[in-house]
Amino acid sequence: YQVLEYTGTEWRANNSRGFFSDNFDVAIHPDWTNQVGTWTINGGYLQQSDQTNANTNIWAPLTQNLSNRYLYNWQGKINGSGTNRRAGFHFFCDDATQTNRGNSYFVWFRVDQSVCEFYKVVNNTFTLMSSAPMTIVANQWYDYKILYDRTTGKMDVYQNNIMIGTWTDPSFLTT
Numbered sequence: 119y120q121v122l123e124y125t126g127t128e129w130r131a132n133n134s135r136g137f138f139s140d141n142f143d144v145a146i147h148p149d150w151t152n153q154v155g156t157w158t159i160n161g162g163y164l165q166q167s168d169q170t171n172a173n174t175n176i177w178a179p180l181t182q183n184l185s186n187r188y189l190y191n192w193q194g195k196i197n198g199s200g201t202n203r204r205a206g207f208h209f210f211c212d213d214a215t216q217t218n219r220g221n222s223y224f225v226w227f228r229v230d231q232s233v234c235e236f237y238k239v240v241n242n243t244f245t246l247m248s249s250a251p252m253t254i255v256a257n258q259w260y261d262y263k264i265l266y267d268r269t270t271g272k273m274d275v276y277q278n279n280i281m282i283g284t285w286t287d288p289s290f291l292t293t
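Position in the sequence shown (from 1) plus 118 gives the number in this note's numbering.
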């Protein structure tokens, strides 16, 4: 579920209570910090258009120690040029300002390699932990979900409500 309130100008969630939502209606909300990359709102979606930077980063704070399970849900499409087109999502980050977000997890969706990759970051160094085959058609919208259980370390990834892959971290992050 998602708890939202209308502030008089937009629908927002309380990030200090473990909820976050942004519909990207008009402008990038001040909750976000543009760390690296060219981020804009295009047609109600957040868009990153800097293809020369391999590690772009826009982030917002979220308290993630109030529930046992977290659902991250967004819609996205990947396009551009080259043979290494990808998009990713970091979560459970302890320092979003670092190049690899300190200690965290992230999932990469790779168009040209047809794979979903699960990574763990420890002391700002990332390691590929698992991967799962998947189909991503360039320039096509998909609905993505990541479920993370901070009491077991299990994460599941879905594309259009179809499970793509799962991985469980034996020494998992709890906050």
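Positions of the beta carbon are idealized from the N, C-alpha and C atoms, including for glycine.
Since we're looking at a predicted model, the values are computed, not measured.
Next item on the list: Pick helix, strand or coil for SER134, following the three-state DSSP scheme.
Entry: Reading the sequence shown from its first residue, position 16 is the one you call residue 134. Three-state result, SER134: helix.
Notebook entry, point to check: Buried or exposed: where does MET273 fall if 16 or more other Cβ atoms within 10 Å of its Cβ makes it buried?
Noted result: Here residue 273 refers to the residue found at position 155 of the sequence shown. In the assembly as shown, MET273 is a buried residue. Its beta-carbon has 16 or more other beta-carbons within 10 Å.
Checklist line | DSSP-derived helix/strand/coil call for TRP285 | finding: Locating residue 285 in the sequence shown gives position 167, where the first residue counts as 1. Three-state result, TRP285: strand.
Margin query: Taking the alpha carbon of SER289 as the reference point, which residue from ILE282, VAL275, ARG228 and THR269 has its own alpha carbon closest?
Written below: In the sequence shown, residue 289 corresponds to position 171, counting from 1. With distances taken between Cα atoms, SER289 lies closest to THR269.
Check: Where ARG204 and ILE176 are concerned, what is the direct C-alpha to C-alpha distance, given to the nearest angstrom?
Finding: Here the question's residue 204 lines up with position 86 in the sequence shown. Here the question's residue 176 lines up with position 58 in the sequence shown. Those two C-alpha atoms are separated by around 16 Å.
Margin query: Once the 5 residues before and after GLY162 are set aside, which same chain residues still bring their CB inside 6 Å of it?
Written below: The residue you call residue 162 lines up with position 44 of the sequence shown. Closer than 6 Å at Cβ, skipping near neighbours: PHE142.
Margin query: Between TRP226, GLN258 and VAL121, which has its C-alpha nearest PHE244's C-alpha?
Written below: On the sequence shown, position 126 is the one that residue 244 refers to. Of the listed residues, the one whose Cα sits closest to PHE244 is TRP226.
Checklist line | Segment limits, beta strand (DSSP E) that includes LEU246 | finding: As a working note, residue 246 is residue 128 in the sequence shown. Where LEU246 is concerned, the enclosing beta strand (DSSP E) stretches over 243-251.
Next item on the list: Report buried or exposed for ARG187, applying the criterion of at least 16 other Cβ atoms within 10 angstroms of its Cβ.
Entry: Locating residue 187 in the sequence shown gives position 69, counting from the first residue. Its Cβ having fewer than 16 others within 10 Å, ARG187 is exposed.
Item checked: Expected contact under 8 Å - CB spacing of VAL233 and PRO251 to nearest Å -> Position 115 of the sequence shown holds residue 233. Position 133 of the sequence shown holds residue 251. Yes, VAL233 and PRO251 are in contact; Cβ-Cβ is about 6 Å, under 8 Å.
Checklist line | Pair within 8 Å by beta-carbon distance, ASN221 and ASN191 | finding: On the sequence shown, position 103 is the one that residue 221 refers to. On the sequence shown, position 73 is the one that residue 191 refers to. Not in contact: ASN221 and ASN191 (Cβ atoms no closer than 8 Å).
Next item on the list: Mind reading off the beta-carbon distance from PHE210 to TYR266? Whole number of angstroms is fine, and I expect it under 8 Å.
Entry: Position 92 of the sequence shown holds residue 210. Position 148 of the sequence shown holds residue 266. With a Cβ gap of about 7 Å, PHE210 and TYR266 count as contacting.
Next item on the list: Please report the Cβ distance between PRO179 and ASN133, rounded to the nearest whole angstrom; I am assuming they are in contact, meaning their Cβ atoms lie under 8 Å.
Entry: In the sequence shown, the residue the question calls residue 179 occupies position 61. In the sequence shown, the residue the question calls residue 133 occupies position 15. 6 Å between Cβ atoms; contact.
Check: Taking the C-alpha atoms as reference points, what is the distance between TRP129 and VAL144?
Finding: Translated into positions along the sequence shown, residue 129 becomes position 11. Translated into positions along the sequence shown, residue 144 becomes position 26. Roughly 12 Å between the two C-alpha positions.
Next item on the list: Quick one: residues in its chain with C-beta nearer than 6 Å to the C-beta of TYR212, no 5 flanking neighbours on either side, listed in chain order?
Entry: Sequence index remark: in the sequence shown, residue 212 carries index 94 (1-based). Sequence check: residue 212 is Asp here, not Tyr. Once the five neighbours on either side are set aside, the close Cβ partners of ASP212 are GLY220 and ASN221.
Next item on the list: Look up GLU235 in the DSSP assignment and give the residues it is bridged to.
Entry: One-based indexing of the sequence shown puts residue 235 at position 117. Paired residue(s): TRP226 and SER249.
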